[in-house]
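Chemist: The structure is given below, and queries will be raised subsequently.
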Amino acid sequence: MKLLIVGGGGREHALVWKLSKSKKVKKIYAAPGNPGIAQIGTCVNILATDIQGLARFAEEKKIDLTVVGPEVPLALGIVDEFTKRGLKIFGPNKKASRIEADKAFARDFMLRFGIPAPKFQVYETASEALKYTKTINKYPTVVKASGLAGGKGAIIVNTRKEYEKTVDEILVQHRLGEAGKRIVVEEFLTGQEASIFVLTDGITITYLPASQDHKKLHDRNRGPNTGGMGAYAPYPTNRRVKNIIEQVIIQPTILSLKDQGMDYKGVLYAGIILTSLGPKVLEFNCRFGDPEAQAILPIVESDLLESLLAVIDGRLSDVQIKTKNHWSICVVLASGGYPFDYRVGEEIRFKDSLSSKTLVFHAGTKMDDSKLITSSGRVLSVVTTHENLKIAKQKTYEEIKKIHFKGMYYRKDIGNSGMKKMKRKRRR
Ligand code: GLY
């Protein structure tokens, strides 16, 4: 088969790497791809948002399956356009992608169908939002742009003054453009977070390993929010919590999506927070997470291509996902200064050759003549898997010492929360 992967980050590199292992795959294209992906497949210079350009390319090259990485093309209706042209594509259609692309809609959906979630209010004007005192009236509180804001749409405010400033920036100054036409003001919840990924053809649900993202810039979850500084998998949930997530969150969500005529086919990503009152949904996303995909896919043993095809063809019940009995640690190497101002164009050097067991997924890299240089905030994801979580962590950090670029920054504690959880479990 000939595949086209839409996107050019670490998640897409991990998808290309995993799909290239399928015996059925003859050739992989990626649009726009990156230098890491170029070592496996062919990168084509088409933006992930150029739906018509991508569809023309898929027709021209007789692509057998297109897999969409990021949310924006899904929200723009890439699946509807490809399907209209008779092209096979993995991902939810435009209507179903609203579960991520329209956060006010998603919160309303959760409320209507009794899916546990934080309390919330939706506002379209600053004057309405500033009257906010009754429903949540507690700080910190979370202000979210309802639309897609490239990871910049969720702001935690700690005081009334910060709340007023944030409302003004989004609803009056339109700093987030269209994405900030409406805001969702949500109750701030505390607890461990887990990313749950399921494949669904709209009826059958298949679980991929759960994982934990690390969104804060610094160790021990301090500092500003980022796109994700690392992840580990599987996230160790106990049977009771797992059952609640399955029965109270995932199954009713898939059923209700179907009931609402949303025909959800693809991967559903539930960002869950484990509060003292039980698991609640922080967000639903209509795609694989980044960097969670880089952590999860290396411990999926079965052929991912078979599962993706089964989703599209509505026969997911015929296919099983097999996972390795391994832990996976993924650490993101970022440009110094990220997520604010950071330098790009720094040469990336590999001081020693890396272990053949280590995976390095590219995100913000590009070639400058024959040099590999940094081109964005999150540069590389380094991943190691092992039966023992501590060893997986040690090995990942040993390998990172072999990689260098000026200003390189990374968290040193990816996997620690998993180790703590396992220790507590052993003590019980
Ligand atoms: N890991 C966060 C996201 O993919 O949205």
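Counting in our numbering, the sequence shown runs from 11 upward without gaps.
Even for Gly, the Cβ is constructed at its ideal location relative to N, Cα and C.
1) Ignoring anything shorter than 4 residues, give me the alpha helix (DSSP H) runs that lie fully in the segment 267-324, in order along the chain.
2) Which two residues bound the contiguous alpha helix (DSSP H) that contains Phe119?
3) Please enumerate, following chain order, all residues with a beta carbon closer than 6 Å to at least one heavy atom belonging to the ligand MN.
4) Measuring only the C-alpha atoms, how far is Leu326 from Thr214?
5) In the DSSP assignment, find the unbroken beta strand (DSSP E) run with Thr375 in it and report its ends.
6) Please check if any C-beta of chain B sits within less than 8 Å of the C-beta of Val16.
7) How would you label Asn335, buried or exposed, when you count the other beta carbons within 10 angstroms and need 16 or more for buried?
8) Let's test the definition: count the other Cβ atoms within 10 Å of the Cβ of Arg66 and tell me whether it reaches 16, buried, or not, exposed.
9) Under 7 Å Cβ to Cβ from Glu311, same chain only, skipping five residues before and after it: list those, please.
10) Does Gly237 come out as helix, strand or coil in the three-state DSSP assignment?
11) Which first and last residues belong to the beta strand (DSSP E) in which Arg388 is found?
12) Within this structure, are the beta carbons of Pro349 and Thr176 separated by less than 8 Å?
13) Do you know how far the Cα of Asp362 is from the Cα of Ala155?
14) So what does DSSP say about Thr406, is it helix, strand or coil?
15) Do Leu399 and Gly425 count as a contact pair if the criterion is CB distance below 8 Å?
16) Suppose the cutoff is 6 Å on Cβ atoms and the five residues either side in sequence are ignored; what does the same chain contact list for Gly299 look like?
17) What residues in its chain sit with their C-beta under 6 Å from that of Ile306, if we drop five residues either side in the sequence?
18) Out of Ser427, Asn55, Asn44, which has the shortest C-alpha to C-alpha gap to Thr247?
19) Which of the three DSSP states, helix, strand or coil, is assigned to Thr216?
20) From Ile165 to Thr263, what distance separates their C-alpha atoms?
21) Go ahead and pull the three-state DSSP assignment for Tyr352.
22) Kindly indicate which residue of Asp229, Arg353, Asp211 has the alpha-carbon position closest to the one of Leu265.
23) Could you tell me if Gln304 is buried or exposed, where buried requires 16 or more neighbouring beta carbons within 10 angstroms of its beta carbon?
24) Tell me which residue opens and which closes the beta strand (DSSP E) that Ile165 is part of.
25) Taking the DSSP output, what are the residues bridged to Leu369?
26) Does the structure place the segment 37-51 close enough to the segment 283-298 that three or more beta carbon pairs sit under 8 Å?
27) Does the Cβ-Cβ distance between Lys412 and Phe360 come in under 8 Å?
28) For Pro234, which residues of its own chain have a beta-carbon under 8 Å away from its beta-carbon, when the five flanking residues on both sides are left out?
29) Considering only the beta carbon of each residue, do Ser345 and Thr384 sit closer than 8 Å?
30) Give the single residue among Arg438, Ala136, Ala114 whose Cα lies nearest to the Cα of Lys129.
31) Per DSSP, what kind of secondary structure is Gly20 in: helix, strand or coil?
32) What is the DSSP secondary structure of Ile383, counted as helix, strand or coil?
33) Which of the three DSSP states, helix, strand or coil, is assigned to Ile73?
34) Indicate the three-state DSSP secondary structure (helix, strand or coil) for Pro83 in the structure shown.
35) Using 10 angstroms around the beta-carbon of Thr76, count the other beta-carbons present and answer buried if the total reaches 16, otherwise exposed.
36) Does Gly18 pass the burial test, meaning 16 or more other C-beta atoms within 10 Å, or should it be called exposed?
Modeler: Checking against the coordinates, here is how it stands:
1) Given a length threshold of 4 residues, each whole run of the alpha helix (DSSP H) inside the segment 267-324 is given here in chain order: 302-306, 314-323.
2) Run containing Phe119: 113-122, per the alpha helix (DSSP H) assignment.
3) Inclusion of the ligand MN in the displayed structure is not the case, the ligand content consisting of the ligand GLY alone.
4) Those two C-alpha atoms are separated by around 6 Å.
5) If you look at Thr375, you'll find it in the beta strand (DSSP E) that goes 375-378.
6) Judged by its chain identifiers, the structure shown contains no chain B, having just a single protein chain.
7) Asn335 is exposed by the Cβ-count criterion.
8) Label assigned to Arg66: exposed.
9) Excluding residues within five positions, the ones whose Cβ falls inside 7 Å are Lys332, Thr333, Lys334.
10) The answer is coil: DSSP assigns Gly237 none of H, G, I, E or B.
11) In the DSSP assignment, Arg388 falls within the unbroken beta strand (DSSP E) covering 388-396.
12) No; because the gap between Cβ atoms is not below 8 Å, this pair is not in contact.
13) Going by the C-alpha atoms only, they are around 44 Å apart.
14) In the structure shown, Thr406 adopts helical secondary structure according to DSSP, grouped into three states.
15) For the pair Gly425 and Leu399, the CB atoms are nearer than the 8 Å cut-off.
16) If we look at Gly299 and ignore the five residues flanking it on each side, its Cβ neighbours are Ser205, Tyr279.
17) Cβ contact annotation for Ile306 (same chain, cutoff 6 Å, sequence separation greater than five): Leu218, Pro219, Ser221, Ala243, in chain order.
18) Selected option, being the one with the closest Cα: Ser427.
19) It is a strand residue.
20) Between Ile165 and Thr263, the C-alpha separation is close to 26 Å.
21) Per DSSP, reduced to three states, the secondary structure at Tyr352 is coil, with no helix or strand assignment.
22) Looking only at Asp229, Arg353, Asp211, the smallest Cα-Cα distance to Leu265 is reached by Asp211.
23) Label assigned to Gln304: buried.
24) Looking at the DSSP string, the run of the beta strand (DSSP E) that includes Ile165 is 164-167.
25) Note: Leu369 sits in a beta bridge opposite Val393.
26) Look at the beta carbons and you see the segment 283-298 not touching the segment 37-51: under three pairs across the two are nearer than 8 Å.
27) Their beta carbons are under 8 Å apart, which means Lys412 touches Phe360 by this criterion.
28) Correct list, in chain order: Lys226, Leu227, Pro349, Phe350.
29) Yes, the pair counts as a contact, with Cβ atoms nearer than the cut-off.
30) The shortest Cα separation from Lys129 among Arg438, Ala136, Ala114 belongs to Ala114.
31) Of the three classes helix, strand and coil, the one that applies to Gly20 here is helix, per DSSP.
32) The answer is strand: DSSP assigns Ile383 an E or B state.
33) Coil.
34) The answer is helix: DSSP assigns Pro83 an H, G or I state.
35) So Thr76 ends up on the buried side.
36) Result: buried.
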